[in-house]
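Only one structure is covered here, and it is reproduced in the block below.
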């Protein structure tokens, strides 16, 4: 059950950070605060150093995976390579 909790929090944070990095209006900051809130909740529930390290590393890896999936989706949809933030 602990492993599922770590994975769920990591996926949530990675999705929120992916949305934060690809949305261009002021609403993007809501996703940033959501990721921060999820991280705080995770650190409250899991107090071991190993779980926290796994959470951070897994969130970063999943962020890159979700960003890559989004780039593939946008390329298939529009035929252009998306540029984040430009």
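In our numbering, the protein residues as written are 8 to 93.
Glycine included, every Cβ here is placed at the ideal spot set by N, Cα and C.
**Q.** residue 70, DSSP secondary structure in three states
**A.** Under the three-state reduction of DSSP, residue 70 is assigned to helix.
Q. Are residue 28 and residue 65 touching if we call contact CB-CB under 8 Å?
A. No, they are not a contact pair.
Q.
Taking its Cβ as the centre, do 16 or more other Cβ atoms sit within 10 Å of residue 93, making it buried, or is it exposed?
A. Low per-residue confidence applies at residue 93: pLDDT is 49, beneath 50, and the placement is therefore not dependable enough to give any value.
Q: Within the same chain, show all residues whose beta-carbon is closer than 6 Å to that of residue 21, passing over the 5 residues directly before and after it, in chain order.
A: Within the same chain, Cβ atoms closer than 6 Å to the Cβ of residue 21 are found at 66, 69, 70 and 73, the five residues on either side in sequence being excluded.
**Q.** Option nearest residue 39 by Cα separation, candidates 31, 32 and 26
**A.** If we check each option's Cα against that of residue 39, 26 comes out closest.
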